[in-house]
Amino acid sequence: MSEKFNVFEFYSQIEQENILLSYKGPVTDFLLTEFSNDIRAQLKDERKAGKKVFAIFMELAQNVLYYSTEIDGFDGNDKVGILAVSQIGDAYTVMTGNMVPAEIVPKLVAKCEKINSLDRDSLRAYKRELRDSPPHTGSKGAGIGLVQVALTANNHLDAHMEQVDDDHYMFLLTVKVPKSQ
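In the working numbering, the protein residues as written are 18 to 198.
Given below as structure tokens:
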């Protein structure tokens, strides 16, 4: 990173990219409530797409809240991640990023690839299968969140891993929601 951060350049990029929400830092229940209120207000005229963006944002943000291995430096309790929502052309894009342990990367990549390989009916069947299975170790739920995101968006998950060090990767997930479906 350069020695001097250019705030105006950052602002200009946010304006140019039509970023509706951008955040990097500790993720808390309180912040998620505020962000969700903001998203609802900004997308109130896009009833169907707005509801989908809201649902996807909440699911992916909760994944950051529950699974990020990066902890904030303030009180050491809150998980850290990146949350963003943008409007690009005829679609909204929900983007999240959070640190994950290197040992789960192959499993996470395989799950995203499997989700992307399934059609809508197969996704529903896979969701039922996961719901009826016992939770995996370390899971905070039934493990159906990413499947639900793909179903809600009616689109693929664009998952990408960036190696940070030997023990950690940044899990970056982007989901597009067409304005009209």
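Virtual Cβ for every residue (Gly too), placed ideally from N, Cα, C. Bear in mind the structure is a predicted one, so any value in this text is a computation, not a measurement.
Between which two residues does the beta strand (DSSP E) holding I88 run?
No beta strand (DSSP E) contains I88, which DSSP labels as neither H nor E.
Should Q104 be labelled buried (16 or more other beta-carbon atoms within 10 Å of its own) or exposed?
Classification of Q104: buried, given that the 10 Å Cβ count is 16 or more.
Per DSSP, which one or two residues make a beta bridge with N115?
Answer is G98, F188, bridged to N115.
Among the candidates V194, V192, V181, K193, whose CA atom is the shortest distance from the CA of E87?
Comparing Cα positions, the closest option is V181.
Looking only at DSSP bridge pairs, what is L38 linked to?
Answer is V102, bridged to L38.
Please state if the CB of V70 and the CB of V166 are separated by a distance shorter than 8 Å.
No.
Figure out for me which residue from N54, Q59, D149, D183 has the closest Cα to the Cα of A119.
When only C-alpha atoms are compared, the closest one is D183.
Mind checking D95: buried by the 16 CB within 10 Å criterion, or exposed?
Classification for D95: buried.
Using CA atoms only, rank isn't needed, just tell me which of D107, L125, A108, R64 is closest to N115.
Checking every option, the nearest Cα to that of N115 belongs to L125.
Would you call the CB atoms of A101 and I56 closer than 8 Å?
Against a cut-off of 8 Å, the Cβ pair of I56 and A101 comes out as no contact.
Under DSSP, the alpha helix (DSSP H) around D183 begins and ends at which residues?
Looking at the DSSP string, D183 is not in any alpha helix (DSSP H), and its letter there is neither H nor E.
In its own chain, which residues sit with a C-beta less than 7 Å from the C-beta of K41, not counting the 5 before and 5 after it?
Cβ within range, chain order: I99.
Just how far apart, CA to CA, sit R148 and L38?
Taking the straight line joining both Cα atoms gives about 31 Å.
Hey, would you say V164 sits closer than 8 Å to I73, going by beta carbons?
No, the pair does not count as a contact, with Cβ atoms beyond the cut-off.
Taking only the alpha-carbon atoms, compute the straight-line gap between Q30 and P152 and give it to the nearest angstrom.
Going from the Cα of Q30 to the Cα of P152 covers about 41 Å.
Does DSSP put L140 in a helix, in a strand, or in coil?
It is helical.
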